[in-house]
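Here the structure is laid out as C-alpha cells; the discussion comes afterwards.
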Amino acid sequence: MEISFTNELDRLADGLADQGYAIIDNFLSAGEVDSILQLDEFKGDWGRFQKAGVGKSSERQIKENIRGDYIHWINPDSAAPAIRVYLAKLNSLIKHVNQSLFLSLKDFEVHMTVYPIGSYYHRHLDQFKRDDHRKLSVICYLNKDWQEADGGQLKIYTNADSFSILPLAGRLVCFRSDLLEHEVLPATRNRLSLTGWILDQHSDLRHL
Ligand code: OGA
Ligand code: MN
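Letter 48 of the sequence shown, counting from 1, is numbered 31 in our numbering, and no numbers are missing.
The structure is reproduced here in C-alpha cells:
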C-alpha cells in the first residue's frame, strides 16, 4: 500500500484518539467515486432504496421529521467491484486503528445513502440505546463539485462548540459513535454517500 495512505491512517488514528474524529480527503479518488456513481443503485434507480428508519429492529420507526434519507444496505460478499474497493480500504482502516489504538474492531456495516433535496437528519448519536456495537461512524461522500451554498453539511457537536463539514466527493469522515452528536443539514442538491459503522462484532449483512 502507498505510504501516503498509511500516513493518512496514522493521522486518522491520532484524530480519533485526541478529538474523537478525523477527516481524510481523497479517501476515494475521483475515478473511484465515478465508478461508484455508475452503479445502477446510484444512477437514479432509487427503487432499490428504502426509507431510513429510527431505532433498531422492532423499535424501528419511520420519522420523516427526524431523518429524510433513503438507504440501501450493502452485502459485502456480493458487492460490486467499485464498492469492494471502498470496503477494502475500510478493512485497512480497521487494521490500522486496531494496531495504533489497541482496539479490537472486527467488521463494518455500510449502506448507500441518498438525501433527496431538502431532507435532513436531526441532531443525534449513532449508538442505539440497547446496542453499543457501533464504535466508529464512517461516511464517505460522493458529491462532485459540491459548494458551500449547496448546503448538506455534516454538523458535528463537540463539548462547547460545533463545526460543519462539506460532503465533498472522496472525503471520509470518521468519528466516535458513542461520543459525538451530529446532524445533516438540508441541501439544494441530492446528497449521496456511503454511510457505515465499524463494529466490535461481526456484521449481519453478509446474510442479506
Ligand atoms: C447517519 C448520519 C451523516 C452524514 O446516517 O447516521 O449521521 O453526513 N450521516 O451523512
Ligand atoms: Mn448519524
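Where a beta carbon is used, it is the ideal one built from N, C-alpha and C, also for glycine.
Beta-carbon spacing of residue i, residue j below 7 Å
i, j, result
"F10", "C157", "no"
"D183", "K89", "yes"
"P150", "W180", "no"
"R50", "Y104", "yes"
"L86", "E164", "no"
"E15", "V68", "yes"
"T178", "G134", "no"
"D28", "Y98", "no"
"A63", "L22", "yes"
"E166", "K138", "yes"
"I100", "N173", "yes"
Residue burial classification, residue i (beta-carbon count within 10 angstroms, cutoff 16)
i, result
"N126", "buried"
"A35", "buried"
"F25", "buried"
"Q136", "buried"
"D144", "exposed"
"S41", "exposed"
"S176", "buried"
"S120", "buried"
"A132", "exposed"
"K72", "buried"
"A0", "exposed"
heavy atom of ligand 1 below 6 Å from residue i C-beta
i, result
"S176", "yes"
"L(-5)", "no"
"V167", "yes"
"L137", "yes"
"I122", "yes"
Residues of its chain near residue i, where Cβ-Cβ distance is below 8 Å and the 5 sequence neighbours each way are ignored
i, result
"Q44", "G36, V37, G38"
"R154", "I6, I7, D8, N9, F10, C123, Y124, I148"
"Q33", "Y53, I54, H55"
Other residues of its chain near residue i: CB distance less than 6 Å, five sequence neighbours each side excluded
i, result
"S18", "A65"
"S83", "A(-4)"
"Q110", "R117, S160, D161"
"T96", "D52, I54, S176, T178"
Neighbourhood of residue i by C-beta, 7 Å cutoff - its chain only, sequence neighbours within 5 removed
i, result
"H185", "K89, D90"
"S102", "G51, D52, P169"
Quick one: residues with CB closer than 7 Å to any heavy atom of ligand 2, in chain order, please. Y104, H107, D109, S120, H165
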